[in-house]
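Colleague:
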Amino acid sequence: MASTLQFIMSGLVVGFFVGLTGVGGGSLRAPLRVLLFGYAPGGAVGTDLFFASGTKVAGTLVHRQHYSVNWKVVKLLVLESFPTSALPPLYCWITHSKESEYSRIMVLPWIATCARLIPACHKSAV
Numbered sequence: 005m006a007s008t009l010q011f012i013m014s015g016l017v018v019g020f021f022v023g024l025t026g027v028g029g030g031s032l033r034a035p036l037r038v039l040l041f042g043y044a045p046g047g048a049v050g051t052d053l054f055f056a057s058g059t060k061v062a063g064t065l066v067h068r069q070h071y072s073v074n075w076k077v078v079k080l081l082v083l084e085s086f087p088t089s090a091l092p093p094l095y096c097w098i099t100h101s102k103e104s105e106y107s108r109i110m111v112l113p114w115i116a117t118c119a120r121l122i123p124a125c126h127k128s129a130v
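All residue numbers in the sequence shown are consecutive under our numbering, ending with 130.
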């Protein structure tokens with residue numbers, strides 16, 4: 005089992021790279037937990053998702069208090085996230101597609117969401 009100092013040092017490294025790149029910490033912490041500390045992949049990802057859900061709720065409440073939420077963008081994200089997250093797995097299940105095809109299928113809803121969000125973000129920034 006890893007020592008407390010190893011966990012602290014890995015947290016420092018992850019924090020440094022998050023600050024440097026702006027990449028979410030979960031995408032850095034989960035591989036560290038699996039590769040360096042021997043966690044099961046599901047446990048590492050699940051832990052990060054659990055932690056991230058709490059920080060997202062807290063961040064949303066703080067930004068809502070300061071009136072810094074663009075609700076038009078939030079509405080678009082919510083309206084488009086449900087179908088875009090449900091349709092690709094449904095398509096793979098119906099067509100008996102392989103997992104390797106799933107990533108190609110996921111690109112299409114992502115592009116559609118970006119195409120809808122870019123004009124909304126541009127209008128709100130002006």
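All C-beta atoms, glycine included, are put in the ideal place defined by N, C-alpha and C.
Considering just the uninterrupted stretch of the alpha helix (DSSP H) at residue 28, what are its terminal residues?
Modeller: For the purposes of this step, residue 28 is identified with residue 24 of the sequence shown, where counting begins at 1. Element bounds for residue 28: n/a, residue is neither H nor E.
Colleague: Under 7 Å between the Cβ atoms of residue 29 and residue 22?
Modeller: Along the sequence shown, one-based indexing puts residue 29 at 25. Along the sequence shown, one-based indexing puts residue 22 at 18. Yes, the Cβ-Cβ distance between residue 29 and residue 22 is below 7 Å.
Colleague: Assuming residue 7 contacts residue 40 (C-beta within less than 8 Å), just tell me the rounded distance between them.
Modeller: Taking the first residue of the sequence shown as 1, we reach residue 7 at position 3. Taking the first residue of the sequence shown as 1, we reach residue 40 at position 36. With 8 Å as the limit, residue 7 and residue 40 do not qualify as a contact, their Cβ atoms being about 12 Å apart.
Colleague: If you draw a straight line from the alpha carbon of residue 101 to that of residue 87, how long is it in whole angstroms?
Modeller: Mapped onto the sequence shown, residue 101 falls at position 97. Mapped onto the sequence shown, residue 87 falls at position 83. So the alpha carbons of these two residues sit roughly 19 Å apart.
Colleague: Determine the direct distance from the alpha carbon of residue 9 to that of residue 119, and round the result to whole angstroms.
Modeller: In the sequence shown, the residue the question calls residue 119 occupies position 115. In the sequence shown, the residue the question calls residue 9 occupies position 5. C-alpha separation (whole angstroms): 45 Å.
Colleague: Work out the CA separation of residue 32 and residue 17 for me, nearest whole Å.
Modeller: Walking along the sequence shown from the start, residue 17 turns up at place 13. Walking along the sequence shown from the start, residue 32 turns up at place 28. Cα to Cα, the separation comes out at about 9 Å.
Colleague: According to the neighbour-count rule (16 or more other Cβ atoms, all chains shown, within 10 Å of its Cβ), is residue 123 buried or exposed?
Modeller: For this step, residue 123 is matched to residue 119 along the sequence shown. When all chains shown are included, residue 123 counts as exposed.
Colleague: Determine the direct distance from the alpha carbon of residue 85 to that of residue 79, and round the result to whole angstroms.
Modeller: Sequence index remark: in the sequence shown, residue 79 carries index 75 (1-based). Sequence index remark: in the sequence shown, residue 85 carries index 81 (1-based). The alpha-carbon atoms of residue 79 and residue 85 are separated by roughly 10 Å.
Colleague: With distances taken Cα to Cα, identify the nearest neighbour of residue 11 among 36, 20, 27.
Modeller: The sequence position of residue 11 within the sequence shown is 7, counting from 1. For the residues 36, 20, 27, the minimum Cα distance to residue 11 belongs to 36.
Colleague: By the three-class DSSP mapping on this structure, what secondary structure does residue 71 have?
Modeller: Residue numbering aside, residue 71 sits at position 67 when the sequence shown is read from its first letter. In this structure, residue 71 counts as coil in the three-state DSSP scheme.
Colleague: Are the Cβ atoms of residue 56 and residue 34 separated by less than 7 Å?
Modeller: Within the sequence shown, residue 56 is the residue found at index 52, counting from 1. Within the sequence shown, residue 34 is the residue found at index 30, counting from 1. Not closer than 7 Å, so no.
Colleague: With DSSP collapsed to three states, give me the class of residue 42.
Modeller: Your numbering for residue 42 matches position 38 in the sequence shown. Coil.
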